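Presented below is the structure to which this report refers.
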Amino acid sequence: MNRLFDIAPWRLTTHHLDRANMRLAESLTAIGNGYMGMRGNFEEGYSGDSLSGTYLAGVWFPDKTRVGWWKNGYPEYFGKAINAPRFADLRVTINDHAIDLAKVPHRDFTLDLDLHQGLLTRQFTVAVAGATVRLTFRRFVSIAIKEAAYLSLEAECLAGAATVAVAAGLDGNVTNEDSNYADRFWQPLAEDAAQGTIQLQTRPNPFGVPQFTVLYRQALRLDGQPVQGVRTTAPGSLQEVVSIPLATGEAASLEKNVVVLTSRDVASADQPAQAAALMTQVQAVSFAQALAEHTAAWAKRWATSDVVIDGDVAAQQGIRFSIAQLFMTYYGEDTRLNVGPKGFTGEKYGGATYWDTEAYVVPMYLAVTPPSVTRALLQYRHDQLPGAYHNAQQQGLAGALFPMVTFNGIECHNEWEITFEELHRNAAVAFAIYQYTAYTGDERYVNRDGIEVLVGISRFWADRVHFSKRRGLYMIHGVTGPNEYENNVNNNWYTNRMAAWCLEYTLSRLPLADADVVAALGVSDDEKARWQDIQDRMYYPVDHDLGIFVQHDTFLDKDLRPASTIPAAERPINQHWSWDRILRSPFIKQADVLQGLYFLNDRFTREQKEANFDFYEPLTVHESSLSASIHAILAAELGKADKAVELYARTARLDLDNYNHDTEDGLHITSMSGGWLAIVQGFAGMRYTGGRLSFKPFLPKHWQGYRFALTYRGRQLAVAVAASGTTVTLMAGEPLTVEVAGQVRHLTREVADA
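Take a look at the structure:
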């Protein structure tokens, strides 16, 4: 396996510039703070193959989708995560020679991402025009001041005499790689050389989506003192040049502070004054002091989320990389935001929200972040409920259809087989409400805002099903299940099962919900009776001879053979086969039936789980980043330890090892909870049913032990699994009863051994 970065517990480090894999390295070294972020592009520029990307949370553009084959019900536009103006620019010349590592020989190269604090460092030495100079770049985007980014460049002259000129820039002349005809989404509004600012606005659109305005302001310090170089502006850009003479043995440090404001938070007219006030705050401390504040904030996050693995450094690196990237993408500060599938690491997958959040991120965030963080994710969906009703109405259906891809609640994905057939995302939204309520014990959300969401979803399912008179059962035709390698199937088992569960859960919550909300919803007795009838008489395809739930009506008619029969040279099949061939094949992209066994785990026997796992896993190519974690959890539950560990490695190191050969486009952010889920729900067997937390742990045979922290109903717990047994420690909070390896333990700030 060709890994770009060394294996280390807390860092991604390499001492080699791999020009053939620059895009992959840029993805892996992306940083963000939930408000903004960027790929690991070189500050001084790079003329070789590269994907330049800076992104601002919630800033997007509605691109045209109406084409010759447009049909009624199609989305009016496709939402794009647009490349934002670039601010990580420190162009360097030494003795009038431009430094470009695609062309200039160099030595002593180091690229390092510190996962503990989201700090990106790069160092190298160049010898040009009679001078040898070592350059060290560092940057981070602050989680202490979300609008602030900090960059530094240290230049040390090792030999000769060097005039190091640094052009610190703000550049709004950017495009998306996937834009049509190199379209630009930004129009310059103003440039102010005296203030060091540029202001731009997204171009007008015909869809009624508001335009976004951004303002960038930069300021420089040389060796800790404010400095102003030669400033020049052009439409949408600003550049400030500082010249630094160095003799042998001399060094200088240039700091660049950047403030970024968007019209999501600050009106366009107010942005210059607000940026000036923020810059005064930013410049009140040094780069080192700002980094210390930023690191202290990160330390608080790690205290409740870190997973420690003894005996497997690659596994350790994988889980910490995943947690760090998730937290750099989203930590619940803004209910208008969600966990983007690429975060701040790439422009692929245009939308900001997928069902991945509810299915994969919520169960992790419930345990490792303050309850308000997950509560914000639920609020995001409730606030977009009007859009969900609009989406259903576009299809001529009642109720609420949450979008497959969205920025504002309105569906903005342009693939019919995904957008309007992958209806199971509605169930994931409902299941997140259930998980939040069951895990936290807090019923306030489900009894008010949550019940509104549940009723909207249930009304959709009740209208989307049809009754088969021949069978006397309800069915759902024309869907795509989680396995996107099959489209337009009838009676996908997972979709039918989760639709019925949604109706069941809504009916169980209605009598408990706040009376004024229930009255406003107006759910009639006839409506409830129909929901109950659908639940009771839903059709589920099964095969009693095989003892399995059948993925959909005709799945067993395929040419069934294991994925191991696919030649290695043709994997992944989505990069080698035609879509037609994939659709006709028996190969499964990700957990489908098994996703249902994971969600509704306590409703199925061990024999049912094992029969379905043994049938479906060999058919699965795991070409969705969401696949391996669910299989790992079920494998662990079924005692298939080797398979569980294998699939843990695939989910935790999916991007680090580029399993699917697509990480150069950006990281798979929403699947990065998978490593945590595989360890905590898989290896440690954590469950929470009936208001009781339980564990059924096992230790992978090549691990010496593992430890993790949990927040559960106001308690802080520490769980440690070793060859000698398992300990669960109550670190803070009221006494708690838990079950460990089948034994009940009462925790009162003491250790429970098993």
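Quick note: the sequence shown, position 90, residue 161 per our numbering, numbers continuous.
Glycine included, every Cβ here is placed at the ideal spot set by N, Cα and C.
Since the structure is predicted, the reported quantities are computational estimates derived from the model, not experimental observations.
Residue burial classification, residue i (beta-carbon count within 10 angstroms, cutoff 16)
i	result
residue 623	buried
residue 388	buried
residue 820	exposed
residue 141	exposed
residue 73	exposed
residue 430	buried
residue 348	exposed
residue 413	buried
residue 183	buried
residue 296	exposed
residue 698	buried
residue 702	buried
As assigned by DSSP and simplified to three states, the class of residue i
i	result
residue 362	helix
residue 580	helix
residue 289	strand
residue 282	coil
residue 401	coil
residue 465	helix
residue 156	coil
residue 783	strand
residue 502	helix
residue 335	coil
residue 802	strand
residue 531	helix
residue 191	strand
residue 151	strand
residue 668	helix
residue 556	coil
residue 757	coil
residue 686	helix
Beta-ladder partner(s) of residue i, from DSSP
i	result
residue 659	691
residue 162	238
residue 127	107
residue 328	221, 290
residue 748	None; residue 748 has no bridge partner.
residue 228	204
residue 537	546
residue 184	83, 191
Reference residue i, options the options, closest by Cα
i	options	result
residue 82	727, 569, 426	727
residue 159	247, 197, 291	291
residue 343	436, 113, 332	332
residue 373	149, 220, 189	189
residue 486	224, 234, 525, 146	146
residue 731	186, 703, 645, 753	645
residue 274	153, 729, 294, 514	153
residue 549	557, 425, 695	557
residue 828	181, 122, 199, 353	Here the chain has residues from 72 to 825 only, and residue 828 is not among them.
residue 523	581, 739, 575	581
residue 491	466, 135, 672	466
residue 397	785, 749, 745, 816	745
residue 471	484, 620, 500, 576	500
residue 790	778, 713, 782, 784	778
residue 423	707, 127, 673, 173	127
residue 601	478, 537, 554, 218	537
residue 149	191, 95, 167, 249	249
Distance, residue j Cα to residue i Cα
i	j	result
residue 772	residue 662	26 Å
residue 488	residue 410	23 Å
residue 653	residue 585	48 Å
residue 810	residue 755	12 Å
residue 102	residue 571	41 Å
residue 318	residue 358	25 Å
residue 657	residue 635	12 Å
residue 567	residue 124	40 Å
residue 432	residue 742	8 Å
residue 531	residue 463	7 Å
residue 225	residue 116	16 Å
residue 338	residue 88	42 Å
residue 592	residue 76	55 Å
residue 281	residue 214	27 Å
residue 428	residue 172	38 Å
C-beta neighbour in chain C for residue i, strict 8 Å
i	result
residue 506	Chain labels in this structure do not include chain C; a single protein chain is all it has.
The ligand MG heavy atom lying under 7 Å from the CB of residue i
i	result
residue 392	With respect to the ligand MG, the structure offers nothing, as it holds no ligand at all.
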